[in-house]
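When the letters of the sequence shown are read in order and numbered with the working numbering, they come out as residues 28 to 579. Glycine residues also receive a C-beta, built at the ideal position from the N, C-alpha and C atoms. The structure appears below as structure tokens.
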Amino acid sequence: MEYSPLQIARYKYEPKLPAILRKPISSIVTKEGKATAPAVHQDAIKALFPNTYGLPKISFEAGENTEIGTKRNVGVILSGGQAPGGHNVISGLFDAMKAANPENKLIGFKGGPSGILEDDFVEITGEYLDKFRNTGGFDIIGSGRTKLETEEQFSICAQTCRKHDISAIVIIGGDDSNTNAAVLAEYFLRTKAGIQVIGCPKTIDGDLKNESIEISFGFDTATKTYSELIGNIERDANSAKKYWHFIKLMGRSASHITLECALETQPNICLISEEIEKNGTSLSEVVQQIADVVAQRAADGNNFGVILVPEGLVEFIPEVKTLISELNDLLAKEAVAYGTLSDFERQSAFIISHLTAKSANVFSVLPEGIQKQLLMDRDPHGNVQVSRIETDKLLIEMVDKRLSQMKQAGKFVGKFSGLNHFFGYEGRCAFPSNFDADYCYSLGYNAFMLIAGGLSGYLSSVTNLGKPADQWKAGGIPITMMMNMEHRHGELKPVIKKALVELDGAPFTYFKEHRDQWARHTCFTYPGAIQYFGPAEVCDRTTMTLALELKR
Ligand code: FBP
């Protein structure tokens with residue numbers, strides 16, 4: 028196998044740990060904080076999690092740890108979409124396990140949660156792991172979107188663990204996977220299975236965060252990768268001065284990625300879904316707002332610009348949101364009848380005849396390509412696959428039409444030529460930035476410390492991230508503390524609350540204060556590529572979102 032020079036250099040990188048975790052492993056002990064409780068719905072959550080409700084927060088301190096050397100086998104699962112740094116979580120976990128007892132074994136379940144159900148595994152040895160240290164991707168064991176949620180699945184998990192003599196599982200995933208980790212932890216305690224469960228906060232989307240989790244891993248690298256590309260496009264736009272670039276960015280529901288990229292690159296327009304929903308802005312109004320900026324810049328002689336669009340936008344535009352929810356119900360209820368329709372003309376007529384008049388109207392005016400995308404299969408969680416809806420193209424088409432009308436009315440004198448881009452998969456497997464490499468390694472190392480402390484139902488937590496790594500604080504947060512009850516597919520369920528962009532938060536406030544200036548003038552900034560070697564102020568810099576949030 029051939030390795031690139033950067034790969035070889037990154038294998039040698041030594042991730043930084045918080046000071047407490049740099050001590051000899053047998054001289055670190057857990058310290059219990061105060062008992063915790065979720066912010067809302069305490070009674071309902073307590074009833075569902077009698078064994079893991081109200082657990083204390085955990086930190087670490089110096090002390091003699093006589094239990095750490097107990098021989099353990101641990102299982103690890105990567106769940107959901109790729110995020111840079113996953114390999115380092117596994118490296119940190121492995122190194123802590125081996126430091127505690129060289130006989131400890133790490134079993135990686137392959138292809139996501141289905142790996143544990145099908146007992147598809149690989150033993151992670153030092154030699155196997157070394158090819159993945161500090162590199163992007165999840166290819167060390169693969170990932171998947173199977174949900175671990177039924178008692179039958181939990182019982183199979185217990186059987187697989189017993190077969191390998193596994194006493195703890197680490198689940199590396201987003202909000203849904205960690206919710207399921209908490210349910211699994213509760214099941215193992217209730218059935219006295221003797222298996223601990225620890226979660227790690229992963230997702231490029233940045234929507235798994237709260238007071239105790241400052242950032243999910245992967246957000247830092249993914250946004251830096253997209254910002255580099257956006258900056259390059261801005262420079263091209265400013266050089267050629269002839270295109271309007273519409274750039275759709277991943278992030279499913281939340282607009283954190285789009286907002287961070289806007290803070291880094293200062294585009295002319297950046298749409299934030301959460302604001303559009305709050306203001307009840309219609310699709311037609313969004314189009315008008317964009318057309319107005321294009322017209323203003325054209326009046327100044329600038330027939331070019333850059334617009335950032337979050338991939339989840341359509342789900343936040345009120346009339347499209349209602350349409351999607353009607354379509355979800357309709358496609359579920361009428362699956363059989365709908366399945367017999369052979370071509371799009373018939374499918375579309377069937378859909379229109381079953382929607383409310385308002386939604387039928389919204390559906391009818393959408394371009395056929397978008398109509399088809401809205402009817403595509405849902406993901407295993409029942410969500411529309413927003414990454415496959417070409418909102419960028421939709422907006423270009425609609426803005427173009429609106430500008431033609433404005434031209435006729437003498438309100439637009441200029442040219443409009445739109446180009447579309449979608450950045451998503453480009454950033455999910457990038458070499459982790461130093462921040463993500465260090466953060467992930469710490470999360471994994473820390474996950475083992477929680478296991479060694481006999482804990483279950485906890486999320487590995489590393490905070491104080493605005494400071495250099497040696498000042499980071501390591502610990503564990505009971506997952507039940509982050510839960511609330513939400514309606515999911517018609518049922519009230521305990522879930523970790525998804526963190527959307529807060530419109531009174533520091534990152535959005537900063538953006539709001541500057542966006543008018545960025546719209547009219549050309550204030551592009553060019554972040555350039557992620558730097559892995561060089562001065563700390565360049566290489567270890569975290570996101571503006573985190574910096575602004577932690578400054579408050
Ligand atoms: P997770 O929530 O599992 O971390 O995945 C995030 C994400 O990258 C979203 O931004 C995107 O909408 C989705 O995954 C794409 O899913 P897929 O990888 O299945 O195409």
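Comparing alpha-carbon positions, which option in Thr292, Met277, Asp319 lies nearest Ser300?
To locate residue 300, count along the sequence shown from 1; it is residue 273. Of Thr292, Met277, Asp319, the residue nearest in Cα terms is Met277.
Quick one: measure Cβ to Cβ for Thr569 and Phe462, integer angstroms, because I've assumed they're closer than 8 Å.
As a working note, residue 569 is residue 542 in the sequence shown. As a working note, residue 462 is residue 435 in the sequence shown. 5 Å between Cβ atoms; contact.
Which class does Val413 belong to by DSSP, given the choice of helix, strand or coil?
Reading the sequence shown from its first residue, position 386 is the one you call residue 413. It is helical.
From the DSSP output, in three-state form, read off Thr97 for me.
Here residue 97 is taken as the residue at index 70 of the sequence shown, counted from 1. Here Thr97 sits in coil by DSSP.
Would you list the one or two residues that DSSP bridges to Ala322?
As a working note, residue 322 is residue 295 in the sequence shown. DSSP output for Ala322 lists no bridge partner at all.
Cutting at 7 Å between CB atoms, please list the residues of its own chain near Ala387, excluding the five before and the five after it.
Mapped onto the sequence shown, residue 387 falls at position 360. The answer, listed in chain order, is Ile379.
Tell me whether His272 sits in a helix, a strand or coil according to DSSP, three-state version.
As a working note, residue 272 is residue 245 in the sequence shown. His272 falls in the strand class under three-state DSSP.
Give the straight-line distance between the Cα atoms of Asn447 and Arg542, rounded to the nearest whole angstrom.
One-based indexing of the sequence shown puts residue 447 at position 420. One-based indexing of the sequence shown puts residue 542 at position 515. If you take the alpha carbons of Asn447 and Arg542, they lie about 21 Å apart.
Grouping DSSP H, G and I as helix and E and B as strand, with all else coil, what is Pro32?
The residue labelled residue 32 in the question sits at position 5 within the sequence shown. Correct three-state label for Pro32: helix.
So is Ser106 buried or exposed if we call it buried at 16+ other beta carbons inside 10 Å?
Mapped onto the sequence shown, residue 106 falls at position 79. When all chains shown are included, Ser106 counts as buried.
Output needed for Ile4: all residues of its chain with C-beta closer than 8 Å, excluding positions within five of it in sequence on either side, in chain order.
Outside the shown range of the chain (28 to 579) lies residue 4, about which nothing can therefore be said.
Taking 8 Å as the threshold (C-beta atoms), are Leu340 and Leu298 in contact?
Taking the sequence shown and counting its residues from 1, one reaches residue 298 at position 271. Taking the sequence shown and counting its residues from 1, one reaches residue 340 at position 313. Taking 8 Å as the Cβ cut-off, Leu298 and Leu340 qualify as a contacting pair.
In the DSSP assignment, what residue or residues form a beta bridge with Pro505?
Position 478 of the sequence shown, counted from the start, is the residue given in the question as residue 505. According to DSSP, which records beta bridges pairwise, Pro505 is partnered with Tyr485.
Taking Cβ positions, are Lys43 and Asp497 nearer each other than 8 Å?
Translated into the one-based positions of the sequence shown, residue 43 becomes position 16. Translated into the one-based positions of the sequence shown, residue 497 becomes position 470. Their beta carbons are under 8 Å apart, which means Lys43 touches Asp497 by this criterion.
Are there any heavy atoms of ligand 1 lying less than 7 Å away from the beta-carbon of Val413, as far as the coordinates show?
For the purposes of this step, residue 413 is identified with residue 386 of the sequence shown, where counting begins at 1. It does: the Cβ of Val413 is within 7 Å (strictly closer) of some heavy atom of ligand 1.
Whose C-alpha, out of Ala376, Gln432, Ala326, Asn330, is nearest the C-alpha of Lys269?
Locating residue 269 in the sequence shown gives position 242, where the first residue counts as 1. Nearest C-alpha to Lys269: Asn330.
Between Arg373 and ligand 1, is the CB less than 7 Å from at least one heavy atom?
Position 346 of the sequence shown, counted from the start, is the residue given in the question as residue 373. No, ligand 1 has no heavy atom inside 7 Å of this Cβ.
Tell me, which residues are paired with Val149 by DSSP?
The residue given as residue 149 occupies position 122 in the sequence shown. Val149 pairs with Gly135.
Closest to Leu527 by C-alpha separation, out of Ile284, Thr177, Gln223, Lys434, would be which residue?
Reading the sequence shown from its first residue, position 500 is the one you call residue 527. Ranking the options by Cα distance to Leu527, first place goes to Ile284.
What is the DSSP secondary structure of Ile299, reduced to helix, strand or coil?
For the purposes of this step, residue 299 is taken as the residue at position 272 of the sequence shown. Reduced to three states, the DSSP call for Ile299 is coil.
Taking Val333 and Ile257 to be in contact with their CB atoms under 8 Å, please state how far apart those CB atoms are, rounded to whole angstroms.
As a working mapping, residue 333 is identified with position 306 in the sequence shown. As a working mapping, residue 257 is identified with position 230 in the sequence shown. Val333 to Ile257, Cβ: 7 Å. Contact.
Would you mind reading off the limits of the beta strand (DSSP E) that contains Pro337?
Counted from its first residue, the sequence shown places residue 337 at position 310. Unbroken beta strand (DSSP E) run through Pro337: 332-337.
With respect to the alpha helix (DSSP H) encompassing Glu261, which residues constitute its N-terminal and C-terminal limits?
Within the sequence shown, the letter at position 234 stands for residue 261. Looking at the DSSP string, the run of the alpha helix (DSSP H) that includes Glu261 is 246-267.
Over the uninterrupted beta strand (DSSP E) stretch that includes Leu519, give me the two end residues.
Your numbering for residue 519 matches position 492 in the sequence shown. 518-523 is the span of the beta strand (DSSP E), which, as asked, contains Leu519.
Skipping 5 residues on each side, what residues in its chain have a beta carbon closer than 6 Å to that of Leu48?
To locate residue 48, count along the sequence shown from 1; it is residue 21. For Leu48, where only same-chain residues beyond five positions count, the Cβ hits under 6 Å are Tyr472, Ala501.
Can you tell me whether Pro45 is buried or exposed, with buried defined as 16 or more other CB within 10 angstroms of its CB?
One-based indexing of the sequence shown puts residue 45 at position 18. With 16 or more Cβ atoms within 10 Å of its Cβ, Pro45 is classed as buried.
Tell me whether Val67 sits in a helix, a strand or coil according to DSSP, three-state version.
By one-based count along the sequence shown, residue 67 stands at place 40. DSSP places Val67 in coil when its eight states are reduced to three.
Would you mind sorting Ser54 into buried or exposed? The rule is 16 or more other CB atoms within 10 Å of its CB.
For the purposes of this step, residue 54 is identified with residue 27 of the sequence shown, where counting begins at 1. It counts as exposed.
Name the DSSP bridge partner or partners of Cys227?
Against the sequence shown, residue 227 aligns to sequence position 200. DSSP lists Ile199 as partners of Cys227.
Run the proximity test for Gly278: is its beta-carbon closer than 7 Å to any non-hydrogen atom belonging to ligand 1?
Within the sequence shown, residue 278 is the residue found at index 251, counting from 1. Gly278 Cβ: within cutoff of ligand 1.
Go to Arg373, then tell me how far its alpha helix (DSSP H) extends in each direction, as first and last residue.
The sequence position of residue 373 within the sequence shown is 346, counting from 1. Segment 371-381, the alpha helix (DSSP H) holding Arg373.
Can you tell me which of Gln293, Val314, Pro294 puts its alpha carbon nearest to the alpha carbon of Ile303?
Here residue 303 corresponds to residue number 276 of the sequence shown, with the count starting at 1. Answer by Cα proximity: Val314.
Apply the 10 Å Cβ neighbour rule to Pro140 and answer buried if 16 or more other Cβ atoms are within range, or exposed otherwise.
Locating residue 140 in the sequence shown gives position 113, counting from the first residue. Burial call: buried.
Pick out whichever of Ala384, Glu417, Asp406 has its Cα sitting closest to the Cα of Gln398.
Taking the first residue of the sequence shown as position 1, residue 398 is located at position 371. Nearest of Ala384, Glu417, Asp406 to Gln398, Cα basis: Glu417.
For the region 477-493 against the region 213-229, do three or more pairs of beta-carbon atoms, one drawn from each stretch, fall closer than 8 Å, so that the two count as touching?
Result yes; three or more Cβ-Cβ pairs closer than 8 Å.
Taking 7 Å as the line, does the beta carbon of Glu338 fall inside it for any heavy atom of ligand 1?
Locating residue 338 in the sequence shown gives position 311, counting from the first residue. At least one heavy atom of ligand 1 is nearer than 7 Å to the Cβ of Glu338, so yes.
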